[in-house]
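Asker:
Chains as they are written, first to last, in the numbering used here: chain A, 2 to 435; chain B, 486 to 953.
(1) Going along chain A, which residues have a C-beta under 8 Å from residue 894 of chain B?
(2) Using DSSP with H/G/I as helix, E/B as strand and the rest coil, what is residue 247 of chain A?
(3) Shortest alpha-carbon distance to residue 387 of chain A belongs to which of A/379, A/377, A/398, A/381?
(4) Along the chain, where does the alpha helix (DSSP H) containing residue 138 of chain A start, and where does it finish?
(5) Can you tell me the Cα-Cα spacing of residue 8 of chain A and residue 674 of chain B, whole angstroms?
(6) Go ahead and pull the three-state DSSP assignment for residue 103 of chain A.
(7) Listed in chain order, which residues of the stretch 773-790 of chain B have Cβ atoms closer than 7 Å to some Cβ of chain A?
(8) Give me, in chain order, the residues of the same chain whose beta-carbon lies closer than 6 Å to that of residue 294 of chain A; leave out the 5 immediate sequence neighbours on both sides.
(9) Span of the beta strand (DSSP E) holding residue 398 of chain A?
(10) Answer yes or no: does any C-beta atom of chain B fall closer than 8 Å to that of residue 136 of chain A?
(11) Listing by chain order, which chain B residues have their CB less than 8 Å from the CB of residue 350 of chain A?
(12) In angstroms, rounded to a whole number, what distance separates the CA positions of residue 855 of chain B and residue 694 of chain B?
(13) Count Cβ pairs between the stretch 296-312 of chain A and the stretch 324-344 of chain A that sit closer than 8 Å; are there 3 or more?
(14) When DSSP labels each residue in this structure, what does residue 591 of chain B get in the three-state scheme?
(15) Enumerate, from N- to C-terminal direction, the unbroken alpha helix (DSSP H) stretches of 4 or more residues contained entirely within the stretch 307-348 of chain A.
(16) So within the stretch 34-59 of chain A, which uninterrupted alpha helix (DSSP H) runs reach at least 4 residues, ignoring any that extend past its ends?
(17) Looking at the C-beta of residue 387 of chain A, does it have a partner C-beta in chain B at a distance below 8 Å?
(18) Ordered along the chain, which non-local residues of its own chain (more than five positions away) have a Cβ less than 7 Å from that of residue 268 of chain A?
(19) Is it true that the CB of residue 415 of chain A sits closer than 8 Å to the CB of residue 284 of chain A?
(20) Listed in chain order, which residues of the stretch 142-153 of chain A have Cβ atoms closer than 7 Å to some Cβ of chain B?
(21) Determine the DSSP secondary structure at residue 3 of chain A, reduced to helix, strand or coil.
(22) For residue 918 of chain B, which residues in chain A fall below 8 Å Cβ to Cβ?
(23) Whole-angstrom Cβ separation of residue 406 of chain A and residue 235 of chain A, contact assumed at under 8 Å?
(24) Do residue 754 of chain B and residue 649 of chain B come within 8 Å of each other at the CB atom, strictly closer than that value?
(25) With a 10 Å radius around its C-beta and 16 neighbouring C-beta atoms as the bar for buried, classify residue 883 of chain B as buried or exposed.
(26) Does DSSP classify residue 184 of chain A as helix, strand or coil?
(27) What are the start and end residues of each continuous beta strand (DSSP E) run of 3 or more residues lying completely inside the stretch 547-603 of chain B, in chain order?
(28) What first and last residue would you give for the alpha helix (DSSP H) that runs through residue 655 of chain B?
(29) Smallest Cα separation from residue 772 of chain B: which of B/613, B/520, B/554, B/528?
(30) Quick check on the burial criterion: 16 or more other C-beta atoms within 10 angstroms. Buried or exposed for residue 419 of chain A?
(31) List the endpoints of the continuous alpha helix (DSSP H) containing residue 65 of chain A.
(32) Under a three-way DSSP split, which group does residue 201 of chain A fall into?
(33) Flag this pair as touching only if the stretch 760-770 of chain B and the stretch 734-750 of chain B have three or more C-beta atom pairs under 8 Å; answer yes or no.
(34) Using the three-state DSSP reduction, which class does residue 682 of chain B fall into: helix, strand or coil?
(35) Name, please, each residue of chain A whose Cβ falls closer than 7 Å to the Cβ of residue 921 of chain B.
(36) Could you tell me if residue 796 of chain B is buried or exposed, where buried requires 16 or more neighbouring beta carbons within 10 angstroms of its beta carbon?
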């Protein structure tokens, strides 16, 4: 008997939705058969059987959200036989079948002993936290639902609470003194930011619809909060004249018309980013506690808005690719991103990000660092603007860009040098091919 | 490429063989290298054979006070050779068990001493090559689990001669029972031999350099153990420093210094139990750039040595030098290699001493808690008021628990008494799961058991003890 565990489809995946079963109890499966579809925060993936045998039980219903990584989702009989009789050896020698059973219990366990701390709910499931973690969280004012556990099966342990931020709890009530919410003042109330009800903050119940947080929204919320809070970031802005670029684009697209390839301004931007990263490699870096990772290649992640959120598919080794290829890849990635058909390795591990809101007419904006990348470029709309040339005012097509830098790896001067290199490339696009 | 593996484990003690089994379970093609018996020191020359001897000693001691139970025996006696033979048979049986386990898990056992040299892909982050005799074995991952051996101090004579000066190894298989014995070192190994030989009637004197015996244990437990052993006739020289150990015509003579005064002790034999050193030599570790700190390999939190593809677990990777710690580290290491993201190695590691009475502990002592700036909340419960202990005439000893007064987390447990080594695990589970006093108070303990004293001790820490 073997338990099939919830797979981790990406390094950051903590839980997922069991979207669909492709097998039912009694089915025989062999290695490689598709058994289920898992929807994560970023994509829908098919799960293949690793062992062969007969499906003895499906432990998680179709459509169940928040299934923790490594939780048992189904049980397979046959194939791997029952544990062999323990040989005559000391206890450690007994074959360890430890991983599976602990997580196998599908039904929620009876209410935990620590009844004094009402177990908060997340997706209707019990939050697994050690007794000590529960107590410390309550005292510190940390909402367990906002903590991801590092213990076995994602259990929240003391270390997670020690690392959690308590301050937010107090900030919320202070922000809404007019609401007469004095009652929430006692420190005993576990009032983390997320736990503050909208009502306490002055929004009347019934005046809104509540959209549940799906996996992507939770990931966006967590990653952006972590990044904005923990990464010392600063923006650098620059105006770029793009008349030459627009002219080059028109000529190139004319040449490529027969092949059905169309190059966007954004494709130029990505190509220029890659080349600029070659020229200023210090900007192609990631902070880690062990040291600064200097990336060998410019893997450019492009922010793509998709229903319910966004995702950042990656053009790998963009410095080695021509404009036409970048255009083709970008188009394909964006299309598949919208269909949620990207594979994890297509949206994880970029070294530099580009976010373009030009098509919406946005003039300038500063994106939040996409950890662990050292920089993200925010691209505004190209528009005709009056520009001073010599002592005359002339009309030029101008695009404003803002580079947000992680100051731990990219200092102001490095960011500025990178922007200068980038500007030079876009203002004279021929430089991109030399 | 018959000699290419995914994983090669060097050393087949409880660290190595468990790691090899787990590696095989995870689908790695695995080999294990052993220069002596499968099972290492633990199974062959340590944990297991000593437990066999101690059981004989304990029964023999019980025979001395059978009257307590309304029983009698005409004349108690032992056959020393048979006692030793039983111990060897137990070790052999278990070593055979490992042979079976290796076969079952399709792990190739390579007999011989391993040497490491730069692997063919070392420039590309490849693991070192393992040379055993004429064979060159390659693997993606090499795990050192070579263990440790008794520390000796030759300049002052603390060096086994196989005849009158023993380490644990000689002490396990002597031909005759000595009349008098000196044990240097009162850690678990020293005290277990002292306890066994004293049970058989040997005149035993234990010398400890630190201010108290079983120095890693909680002070109260050390004191209680000292008394309990003294009651059985073991003599102590504490604290005392050994200046010189020398062989004499019929035994050994020790010059020691105690309380600033010189003293000379004479005995038939002497057991040297002054700690252990890691087996780091003659494997070419230095040439590979492995960092070694005082006979132990320096490792990261997953057993990594810093040399690509080379890991170290168990005794060779540093204290505590315990079989279960080695197994635990080994499993963690190989699961980490397999990308399973095992939980951090933060679980408290219990320690057990199988003397009579037994001593067991997990977590911090009361003194350590204070040193860490915590406000310990301490509870105790003696076995003399425990029903099962009274019924069995096993009333010696007590249980002491230490809580963090601020958080209510259980942070230490210290036990002395009959079979407490089988009880300490309850506290280890509680600590690993981060239990607080509330959880422990809510646990239902079966009656009548000696384990009820565990519950009572946790209640006592919070002024809720019932049976005192």
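Backbone N, C-alpha and C fix where the C-beta goes; we use that ideal spot for every residue, glycine too.
Answerer: Put simply:
(1) In the second chain, the residue the question calls residue 894 of chain B occupies position 409. Among the residues of chain A, those whose CB is under 8 Å from the CB of residue 894 of chain B are 133, 159, following chain order.
(2) For the purposes of this step, residue 247 of chain A is taken as the residue at position 246 of the first chain. DSSP places residue 247 of chain A in helix when its eight states are reduced to three.
(3) Taking the first chain and counting its residues from 1, one reaches residue 387 of chain A at position 386. Check the Cα spacing between residue 387 of chain A and each of A/379, A/377, A/398, A/381: the tightest is with A/398.
(4) Within the first chain, numbered from 1, the residue matching residue 138 of chain A stands at position 137. Start and end: 132-141.
(5) As a first step, residue 8 of chain A is located in the first chain; it is residue number 7 there, counting from the start. As a first step, residue 674 of chain B is located in the second chain; it is residue number 189 there, counting from the start. Going from the Cα of residue 8 of chain A to the Cα of residue 674 of chain B covers about 45 Å.
(6) Here residue 103 of chain A refers to the residue found at position 102 of the first chain. Note that residue 103 of chain A scores a pLDDT of 38, beneath 50, so its modelled location is shaky; the value from the coordinates is reported in the next line. Helix, per DSSP.
(7) Residues: none.
(8) Taking the first residue of the first chain as position 1, residue 294 of chain A is located at position 293. Cβ within range, chain order: 287.
(9) Locating residue 398 of chain A in the first chain gives position 397, counting from the first residue. Per DSSP, the unbroken beta strand (DSSP E) holding residue 398 of chain A starts and ends at 393-407.
(10) Numbered from 1 along the first chain, position 135 holds the residue referred to as residue 136 of chain A. Yes, contact with chain B.
(11) What you label residue 350 of chain A is simply residue 349 of the first chain in a count that begins at 1. Near residue 350 of chain A there are no residues of chain B at all, since even the closest Cβ is about 16 Å away, more than 8 Å.
(12) By 1-based counting over the second chain, the position of residue 855 of chain B is 370. By 1-based counting over the second chain, the position of residue 694 of chain B is 209. Distance between the alpha carbons of residue 855 of chain B and residue 694 of chain B is about 24 Å.
(13) Contact between the stretch 296-312 of chain A and the stretch 324-344 of chain A is present, because at least three Cβ pairs lie under 8 Å.
(14) By 1-based counting over the second chain, the position of residue 591 of chain B is 106. Residue 591 of chain B falls in the coil class under three-state DSSP.
(15) Residue ranges of uninterrupted alpha helix (DSSP H) with 4 or more members, entirely inside the stretch 307-348 of chain A and ordered along the chain, are 324-339, 345-348.
(16) Runs of the alpha helix (DSSP H) spanning 4 or more residues and lying entirely within the stretch 34-59 of chain A do not occur at all.
(17) For this step, residue 387 of chain A is matched to residue 386 along the first chain. Closer than 8 Å: no.
(18) Locating residue 268 of chain A in the first chain gives position 267, where the first residue counts as 1. Apart from sequence neighbours up to five positions away, the residues of its chain that approach residue 268 of chain A with a beta-carbon distance below 7 Å are 324, 327, 328, 331, ordered along the chain.
(19) Here residue 284 of chain A is taken as the residue at index 283 of the first chain, counted from 1. Here residue 415 of chain A is taken as the residue at index 414 of the first chain, counted from 1. Annotated as proximal: residue 284 of chain A and residue 415 of chain A, with beta-carbon spacing under 8 Å.
(20) Of all residues in the stretch 142-153 of chain A, only 152, 153 come within less than 7 Å of chain B when Cβ atoms are compared, listed by chain position.
(21) As a first step, residue 3 of chain A is located in the first chain; it is residue number 2 there, counting from the start. In the structure shown, the three-state DSSP call for residue 3 of chain A is strand.
(22) For this step, residue 918 of chain B is matched to residue 433 along the second chain. Near residue 918 of chain B (Cβ distances below 8 Å), the residues of chain A are 131, 132.
(23) The sequence position of residue 406 of chain A within the first chain is 405, counting from 1. The sequence position of residue 235 of chain A within the first chain is 234, counting from 1. That belief holds up - the Cβ atoms of residue 406 of chain A and residue 235 of chain A are roughly 6 Å apart, short of 8 Å.
(24) One-based indexing of the second chain puts residue 649 of chain B at position 164. One-based indexing of the second chain puts residue 754 of chain B at position 269. Contact flag set, yes.
(25) To locate residue 883 of chain B, count along the second chain from 1; it is residue 398. By the neighbour-count definition (other C-beta atoms within 10 Å, threshold 16), residue 883 of chain B is a buried residue.
(26) If you number the first chain from 1, residue 184 of chain A lands on position 183. Note on residue 184 of chain A: pLDDT 35, under 50, position unreliable in the model; no value is reported.
(27) Qualifying beta strand (DSSP E) stretches, in chain order: 593-596, 599-602.
(28) Position 170 of the second chain holds residue 655 of chain B. For residue 655 of chain B, the uninterrupted alpha helix (DSSP H) run begins and ends at 653-656, by DSSP.
(29) In the second chain, counting from the first residue as 1, residue 772 of chain B sits at position 287. Of the candidates B/613, B/520, B/554, B/528, the one whose C-alpha sits nearest the C-alpha of residue 772 of chain B is B/613.
(30) On the first chain, position 418 is the one that residue 419 of chain A refers to. Classification for residue 419 of chain A: buried.
(31) Counting from one through the first chain, the residue named residue 65 of chain A turns up at place 64. Looking at the DSSP string, residue 65 of chain A is not in any alpha helix (DSSP H); the run it does join, the beta strand (DSSP E), is 65-69.
(32) By 1-based counting over the first chain, the position of residue 201 of chain A is 200. Reduced to three states, the DSSP call for residue 201 of chain A is coil.
(33) Contact between the stretch 760-770 of chain B and the stretch 734-750 of chain B is absent: fewer than 3 CB-CB pairs across the two stretches fall below 8 Å.
(34) Residue numbering aside, residue 682 of chain B sits at position 197 when the second chain is read from its first letter. In this structure, residue 682 of chain B counts as helix in the three-state DSSP scheme.
(35) The count along the second chain starts at 1 and reaches residue 921 of chain B at position 436. Going along chain A in sequence order, the residues near residue 921 of chain B (Cβ under 7 Å) are 132, 133, 136.
(36) Here residue 796 of chain B refers to the residue found at position 311 when the second chain is read from its first residue. It is buried - the Cβ of residue 796 of chain B has at least 16 other Cβ atoms within 10 Å.
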